[in-house]
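Numbering (my numbering), first residue to last: 185 to 965.
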């Protein structure tokens, strides 16, 4: 339990340090850009008539002034258009990093940022009237950022270690008191620990962001102060200089993050971007980050430059971190729920073969189910670690291979074809008394191999092979776990066994997408692929060592041997075909084609961050879980499925229409710049998720309760349905990929698909004949 808690907290800290480094680095970049703008302006004023860069006078004086004002600066330099150094100043040799590793940022900014292993550099272009003639660079050591972040997080790391060990000791000492219903106190204490450490991380981030905002404000003040200092050097009365008001107004326009900028003489505001403040005594605003810079004297009076930045610049960054931590908390809660239950059940058994005997107050079947529960959960988690960025990754591989963007859909289509193709052979394998365990660890080996190939060989052909292997692995694992449950659980405990599948898939999907979308920004796609592969491999070892073998019973195994016969029977049923064609297949096609495939591509094109993409997908999954839990109980009480399925189809269509309405009316593209668009995107994804909660379980109940089911058996009907609904899994990405290829990647296509799904739902609501099942008609005749 200490290990599980420690790993969860370590993941939290890792994500927190990543957030801190990224945001603190961005503050440093903006600071460097602010420091360099004054010198850039002076140099471009000299270059504008067409004079050569090497004839500029005063570079060293200005550069030394910058280096003096900020001791984190390592060098200031100017390079010509060919990249040759013209001027340089600083304690380290200057090097142009253009072409090294860029740092993602707003492309509209008038500068670029680059880094190598040791240096962070901001490059400002130098232009004359017609073209770029060179660049101005300001560089600082990356160690400034890394050391500051590491020093801030040392207390957090220590607190997490103490909390994890303390939790382990608490549970060990209270083991006898935490049995049965009291075991929930483990989750309560775990939740309090995670929330407390999250609060400490957030406080640490606020402190770091505040330091960054202050540094940025000081850089802006220094930049503006240099311009005023140039005027004071002429020994003029600064109040008699014409055009200073425009200098301050232009400075605010150039730096959009500034709330205000002003000139303060002897404590009174002489010039200010807010005219209402002119003539009043200078007063500090505690809600802003302000810097008051002494720039000298004029006519015997002290002159200061004041710059303020809104305090909500830190609030915005903190809210983003809180949003990420909330997603991570939900993911860790699912993960911890599985492993804390497992750890509490086996009570730290010393040897794997003792695990079953170590579970108190439980039957052997219940103990075996607890041991297999982490297998499916972690396998699904390892696969879904990649889903926030996998469509973009496959699309890039297709483009690199000279194929169209539509070829990216093959990566998903091949996965689901392989998944469906593995079900029947895997069922035969399990049924012929080979056992379920081999299917589980072979499936995990295939999944690990597929993810490893994605990390090591990112060519399009290798990507397709990897997705086929992953599909085969997940299909084998699904049948293996299902067969293990059927062979292990008593008939009265089948619902508990089936809950392992439901919880494992939904919980693993939510946890995987939340964690993967946060890790990819720091590790890159290859790093996340390797982590997923390693997790699958470790779980394979767990299956080999911990999960006990069971003897398969042909009577209780899945009826894989007869599924082809079952399919032949069910396709002659009008009611079955009506259900699967109008409800089942469209729902699965929406999941794979719209939610998993199209939505990440659209959000990436709109420049949403990777964690935002993952969290929108997670919102969909959470909505499915919540909706399904409520609707399943309602259907069980009422027995009515037809109206529930119609509502699900209509809601699904409505959710996609809402997503489609986020398109920019001029260009037909999704945009991340509008808060309204983002809220509509979240609402649309949540609505589709809730709609699928109306469909996923009730549709199986609908076909199982049909007259056909009473003829050929519930197991045969449900097995045939589950197999045939894979058509939707396969068709979804293929259809959407072709639509994107013909009409472009636009949310409008999602809107049109939504309308089509709603129309199918309305068609399902129409019951054309009282005898809606052909098998029933034959029986009556």
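Each residue gets a CB set at the ideal place from its N, CA and C atoms; glycine is no exception.
- Pairing residue 401 with residue 473, the inter-Cα distance amounts to about 7 Å.
- By the criterion of a C-beta distance shorter than 6 Å, residue 305 is surrounded in its chain by 281, 298, 321 and 323, once the five residues flanking it on both sides are discounted.
- Only residues of its own chain outside the window of five on either side were considered, and among them 769, 772 and 773 have a CB closer than 6 Å to the CB of residue 912, listed in chain order.
- The residues 514, 515, 518, 802, 805 and 806, in chain order, have a CB closer than 7 Å to that of residue 694 in the same chain once the five nearest residues on each side in sequence are set aside.
- For the 8 Å CB-CB criterion, residue 565 and residue 692 form a contact.
- Around residue 277, the same chain offers 259 as residues with beta carbons nearer than 8 Å, after the five sequence neighbours per side are excluded.
- Taking 8 Å as the cut-off, the beta carbon of residue 755 is found no closer than this to the beta carbon of residue 668.
- DSSP places residue 305 within a strand segment (E or B) once states are collapsed to three.
- At least 8 Å separates the beta-carbon of residue 348 from that of residue 384.
- Setting aside the 5 residues that flank it on each side, residue 451 is surrounded in the same chain by 465 and 466, each with a C-beta closer than 7 Å to its C-beta; the list follows chain order.
- Distance between residue 700 and residue 562, taken at the CA atoms: about 13 Å.
- Of the other Cβ atoms in all chains shown, 16 or more fall within 10 Å of the Cβ of residue 224; this residue is therefore buried.
- If you look at residue 480, you'll find it in the beta strand (DSSP E) that goes 472–482.
- Per the Cβ contact rule, the segment 585–599 is in contact with the segment 913–929 (3 or more Cβ pairs under 8 Å).
- Residue burial annotation: residue 488 is buried, with at least 16 other C-beta atoms found within 10 angstroms of its C-beta.
- Its chain contains 581, 584 and 585 as the residues whose beta carbon lies nearer than 8 Å to that of residue 643, once the 5 sequence neighbours on both sides are disregarded; these appear in chain order.
- Across the set 875, 318, 841 and 392, the C-alpha of 318 shows the shortest separation from the C-alpha of residue 261.
- Each residue's CA atom was taken as its position, placing residue 799 and residue 509 some 11 Å apart.
- Rounded to the nearest angstrom, the gap between the Cα atoms of residue 350 and residue 936 is 55 Å.
- The alpha-carbon of residue 862 is positioned some 31 Å away from that of residue 647.
- Take the alpha-carbon of residue 760 and the one of residue 789: they are about 40 Å apart.
- Excluding the 5 residues flanking it on each side, residue 307 has same chain C-beta neighbours closer than 8 Å at 280, 281, 282, 295, 296, 297, 298, 319, 320 and 321, in chain order.
- Between the C-alpha atoms of residue 829 and residue 908 there is a straight-line separation of about 18 Å.
- Per DSSP, the unbroken beta strand (DSSP E) holding residue 452 starts and ends at 452–456.
- A distance of 8 Å or more separates the beta carbons of residue 663 and residue 598.
- Just measuring C-alpha positions, the residue of 520, 572 and 625 sitting nearest residue 782 is 572.
- Boundaries for residue 781: no alpha helix (DSSP H) harbours it, and the DSSP string shows neither H nor E there.
- In the assembly as shown, residue 579 is a buried residue. Its beta-carbon has 16 or more other beta-carbons within 10 Å.
- Taking C-beta separations shorter than 6 Å and ignoring five residues to either side along the sequence, the partners of residue 448 in its chain run 466, 488 and 490, following chain order.
- Separation of residue 610 and residue 511 (C-alpha to C-alpha, rounded to the nearest whole angstrom) is 35 Å.
- Note that the segment 874–881 touches the segment 836–849; at least 3 beta-carbon pairs, one per stretch, sit closer than 8 Å.
- Counting only runs of 4+ residues, the alpha helix (DSSP H) found wholly inside the segment 626–672 occupies 644–672, in chain order.
- Rounded to whole angstroms, residue 808 and residue 794 show a C-alpha spacing of 22 Å.
- With contacts defined by Cβ atoms closer than 8 Å, residue 483 and residue 215 do not form a contacting pair.
- Between residue 234 and residue 311, the gap from beta carbon to beta carbon reaches 8 Å or more.
- Residue pairing for residue 264: DSSP places it in a beta bridge opposite 318.
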